[in-house]
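Structure first, then comments.
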Amino acid sequence: MYDVVVIGAGIIGTFITRELSKFDLKTIIIDKENDIANGTTKANSAIVHAGYDAKVGTLKGKLNAKGNAMYAHVCEELDVHFKKIGSFVIATNEEEMDSIKDLYERGCKNNIPDMKILSQEEVREMEPNLSEEIIGALYAPTAGIVSPWELSVALAENAADNGAEIKLETEVLGIEKNEKGYVIHTNNGDIKTKYIFNCAGVYTQEINEMVAPRSFTIHPRRGQYNVLDKGTGSIVNHVIFQAPTKFGKGTLVTPTVHGNLLIGPDAEDLEDKENTSTTSDRIAFIQEKSRKTTTKVPFNKTITSFAGLRAVSNLGDFIIEESKEAKGFINVAGIESPGLSAAPAIAEYAINILEGIIGELNKRKEFNPRRKPVIRFMELTDEEKAEVIKKDPRYGRIICRCENITEGEIVDAIHRNAGGRTVDGIKRRSRPGMGRCQGGFCGPRVMEILARELKMDIKDIVKDNKEAYILTEETKQNKPEEVTA
Amino acid sequence: MLKYDIVVVGGGPAGLAAAIEAKKNGVDNILVIERDRELGGILQQCIHNGFGLHVFKEELTGPEYAEKFIVELKEMGIEYKLDTMVLEIGEERVISAINTEDGFMSIKAGAIILSMGCRERTRGAISIPGYRPAGVFTAGTAQRFVNMEGYMVGKKVVILGSGDIGLIMARRMTLEGAQVLAVAELMPFSGGLTRNIVQCLEDYDIPLYLSHTLMEIKGKDRVEGVVIAEVDKNRKPIKGTEKYYDCDTLLLSVGLIPENEISKNAGIKLDPITSGPIVNESMETSIEGVFACGNVVHVHDLVDFVTAESKRAGKNAARYIKKEIKCEGKIAKTEPGDGIRYIVPHMVRPENVDGTLDLSMRVDNVYKDMNMIVKLNGKEIKRMKKKHLAPGEMESVKIKKEDLVFKEDTVITVHLEKEEA
Ligand SMILES: Cc1cc2nc3c(=O)[nH]c(=O)nc-3n(C[C@H](O)[C@H](O)[C@H](O)COP(=O)(O)OP(=O)(O)OC[C@H]3O[C@@H](n4cnc5c(N)ncnc54)[C@H](O)[C@@H]3O)c2cc1C
Ligand SMILES: Cc1cc2nc3c(=O)[nH]c(=O)nc-3n(C[C@H](O)[C@H](O)[C@H](O)COP(=O)(O)OP(=O)(O)OC[C@H]3O[C@@H](n4cnc5c(N)ncnc54)[C@H](O)[C@@H]3O)c2cc1C
């Protein structure tokens, strides 16, 4: 019997699990996918919004501002890339200037610190590559960028280091309520628990309806992106948004924490909660839209495109509450943008709800907020590099030639709690295959290392999801000799 | 700090030929650095034959061709380090490199020869919409899996792009029992050698669709099918021409890009057309004492051409060490004219030309019955008749040193002109 089951290992579920691991609770986090952060958390703009955008008085408004303020600390504790680079909302005409002023007002009410409206000259000085058309901008220095899946993985790992369990490839198929709590039926056996956090992203509606009548609906809203080669990120120094107009929000242009450039997203309401495919018309659309911000995006340096699905609820705000019909079942639903930014505050808020139900929780004395630091070889000085290789020669072998990722880093990414077991899982943790060649060189090597370290047949190593097999069979020459009787 | 007269970065055919030639020209203290587990570069995965017709006058496989150089290198006692990655070329030709045995190394080189080869363009670079399932490989990655690791990457295959590696993989996959359904090429002509179209597609009844492109990849986890459509003159898809192929694998053979991250970070000037360093007649880059050869300079279609170019780099690096290269004096720039995409080398100092100047170039389209004309400051110095020219086949022109007479800075152009009937 668990005290708490967290359903869904996205940024929300992992944050909550890590918070739970601070207390004396028997906790498990489960996900239907074969890795942490394989839902919305792996495909978004990766921005820690300042918080001026959300409507005053909403949960979004409250938790975004609060979450933003918590980011630097938690990323430092967990050794995750996070950069407070600040954001601009640009205006190209008077109408847009007005909407920027509205944002400023709203930001003041949401208690966003240090905002400023910049003149054309100030914009030009701080961002020389932006379009000539820009007449001013709202500047929010507290906005930041983060690596969302890195953070999710780190949270899960730290939670596991502190005693929480992780169970992947475990899909919730049904939930039964009884006097002691709940029995969760999964493809991977039943799990008994007293309390449940429903953090299933676009599927929170379905999970909720396993225990209670419909109280909200969730539909997917897709957003598509282009990612450009490393180095292109320096075209802009801040996250650049376009002022909202009656035609919508516009696209953003931003560096990523790894120095790539990201442009997107659009917004498109869909039916299919699995449809993360990209389409040429939408990619063309975001490329065209980005020209309003800057014409300097070198689209010929695009290394990939991707799409993510926002979990949009019919209620217009985050839904974080105990179900009225099911005691001890807490929904964390409708977590669309700024869900990533708000996540640390959402987790705190959710734990408070649990405390409201069970009473004050006992702190675990041995809780360690830090995880073992990650060695990122290329970020070291020459002396440090020499030192690291001396200690572990596997750091002297480069596997990924574009990003210069060593074997030592890959082996480490496999063997940590919440370690990677797929080619893309390793890519998200230590970046081989993120570069220009997109795994052309290192893919086979990473598979070899995974197979060796996990004692698996290389043919069973998948790209990402369970069915994403890579190799089909041995070549004729390599086939083991048939044994004849 | 380690010290060598010449350090060669990359132990593919280019690096090997350059090192051997440098040694033959009197420099002893040479180090070849290779990041792979063995020497030979890309050739180790090219197990088909057809290599070496020009250099060795016999048909060899890639590994056999490489082996000849590897044996010669070892016999000459040239030092090499395997499984060693060059991370950076810093000031004063100090190289930083790492491996598991020596750890982190700083190596001071009298001269450096860059021969890092090239890499393949990927799906992202050509922006194909859809999901991102497994089963999309570059042809070279598939080649490595099949030929070196011994695993098949799929059963029903469509190939995008008709470059040589794609063509060769069409045949290879067929021989291994896979079904190759089609090869689609965006351009109205193939990017591969005619010989490969005949021997790898026609002989196996694999259809080649010119002026076609990929519209979509179906399948979320693994490729389940692809949609291909015809394109018009502006390379825009024509509605209604879409064809669906039920397949589990897509191979991309959509071009190679010289591997110049290290060169770029070292501040070496690159040519935007070739994506390789700007070089002079000695294969020297914009940084003195740093030479380059092979696919890192521009993509070659035959390794024999790589060998010739690399010998020139090796010899000149040796001359540089022996202070035999003249740095002052007249310089000519080469400039591609009508019909020519690029010319290598970009700069010529006639005093350093050894017998003949070899210009390598690619044309920008398929042409028939043309004259290829070389001019020095507008004055014709050479004219050749060409029955057939194609972007997939590199052209070269030899110019005698005697013909390179001029006073000041000057321009050498090459252009195409329709042959009068
Ligand atoms: C295009 C786009 C841009 C965005 N940009 C930003 C931004 O810049 N800043 C920001 O703050 N926010 C942004 N967001 C929002 C942010 O990405 C989300 O709020 C956040 O990732 C949601 O996390 P989550 O954990 O709720 O959902 P998810 O990451 O989707 O996690 C849900 C998990 O539940 C699992 N699951 C579902 N059903 C089951 C089941 N039956 N059994 C077991 N497991 C199940 C899924 O596999 C998944 O792993 C953006 C979102 C999108 C789509
Ligand atoms: C997939 C593929 C298939 C090909 N097939 C054929 C064919 O069938 N026939 C043909 O004639 N030509 C073929 N070619 C062209 C072939 O590349 C050339 O003929 C020849 O191999 C080029 O020689 P090279 O030495 O310039 O490059 P490569 O053979 O690529 O050698 C470059 C070497 O440099 C090493 N290197 C790179 N960076 C570093 C670093 N930082 N530190 C240490 N070492 C480094 C690499 O590991 C590699 O071994 C093919 C090319 C490719 C990419």
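For the protein sequence lines, the chains are A and B, in the order given.
Letter by letter, the first sequence follows residues 1 to 485 in full-length UniProt numbering.
Letter by letter, the second sequence follows residues 1 to 421 in full-length UniProt numbering.
Beta carbons are placed, not taken as given, at the ideal position from N, Cα and C, and that holds for glycine.
These numbers were taken from a predicted model, which means no experiment stands behind them.
Chain order gives no chain B residues near S290 of chain A, where near means a beta carbon separation below 8 Å; the closest approach is about 14 Å.
Close to L471 of chain A, with beta-carbon spacing below 8 Å, are these residues of chain B in chain order: F145, Y151, M152, V153. Along the segment 154-178 of chain B, going in chain order, the ones with a CB nearer than 9 Å to a CB of chain A are G154, K155, L175, E176, G177, A178. Contact of V202 of chain A with chain B by beta-carbon distance below 9 Å is absent, the smallest such distance being about 15 Å. Cβ contact annotation for S341 of chain A (same chain, cutoff 6 Å, sequence separation greater than five): V48, H49, N64, G67, N68, in chain order. Unbroken beta strand (DSSP E) stretches of 3 residues or longer found wholly inside the segment 58-97 of chain B: 79-81, 85-89, given in chain order. For the C-beta of M1 of chain B, not a single chain A residue is nearer than 8 Å; the gap to the nearest is close to 12 Å.
DSSP links Y182 of chain A through a beta bridge to A:K177, A:T193. Contact annotation: the segment 262-280 of chain B does not touch the segment 124-140 of chain B, with fewer than three C-beta pairs closer than 8 Å. The beta carbon of L87 of chain B falls within 8 Å of a beta carbon belonging to chain A, placing the residue at that interface. For chain A, none of the residues of the segment 367-399 of chain B brings a beta carbon within less than 8 Å of one of its beta carbons. With fewer than 16 other Cβ atoms from the protein chains shown falling within 10 Å of its own Cβ, C327 of chain B counts as exposed. Here the distance from the Cβ of S360 of chain B to the nearest heavy atom of ligand 1 is not below 7 Å. Short note on V6 of chain A: C-beta not closer than 7 Å to any heavy atom of ligand 1.
Under the three-state reduction of DSSP, R310 of chain A is assigned to strand.
For G308 of chain A, same chain residues with a beta-carbon under 6 Å away, outside a window of 5 residues either side, are T40, A43, N44, G223 in chain order. By the beta-carbon neighbour count (other beta carbons within 10 angstroms, threshold 16), R18 of chain A is buried. Apart from sequence neighbours up to five positions away, the residues of its chain that approach S430 of chain A with a beta-carbon distance below 7 Å are I405, E409, I410, A413, ordered along the chain. Note that the C-beta distance between I331 of chain B and H415 of chain B is not below 8 Å. The beta-carbon distance between Y225 of chain A and S305 of chain A, rounded to whole angstroms, is 6 Å. This is short enough to meet the 8 Å contact definition.
Within 8 Å of the CB of D382 of chain A, the CB atoms of chain B belong to S96, F104, S106, in sequence order along the chain.
Assignment of Y52 of chain A by DSSP, reduced to helix, strand and coil, places it in the coil class. Chain-ordered, the chain A residues with CB closer than 8 Å to the CB of R35 of chain B read I398, R401. Counting of Cβ neighbours within 10 angstroms places T294 of chain A among the buried residues, the total reaching 16 or more.
Any Cβ of chain B closer than 8 Å to the Cβ of E474 of chain A would place that residue at the interface, and such an atom is present. Short of 7 Å from the beta carbon of F406 of chain B, and not among the five residues preceding or following it, lie these beta carbons of its own chain, in chain order: K330, A332, L376, N377. The Cβ atoms of N196 of chain B and I168 of chain B sit closer than 8 Å to each other.
In the structure shown, K385 of chain B falls within a strand segment according to DSSP collapsed to helix, strand and coil. In the DSSP annotation of this structure, the continuous segment of the alpha helix (DSSP H) that includes H73 of chain A starts and ends at 59-78. The residue from B:H298, B:L16, B:V32 with its alpha-carbon nearest to that of D5 of chain B is B:V32. For G191 of chain B, the secondary structure class from DSSP, reduced to helix, strand or coil, is coil. In terms of CA proximity to S119 of chain A, A:I135 leads the group A:E127, A:I135, A:Y104. For M105 of chain B, there is no enclosing alpha helix (DSSP H); the residue is found in the beta strand (DSSP E) stretching over 103-114.
DSSP places L359 of chain B within a strand segment (E or B) once states are collapsed to three. Nearest neighbour of A284 of chain A by Cα position, chosen from A:K273, A:H185, A:T302, turns out to be A:T302. Within the same chain, Cβ atoms closer than 6 Å to the Cβ of T61 of chain B are found at I47, N49, the five residues on either side in sequence being excluded.
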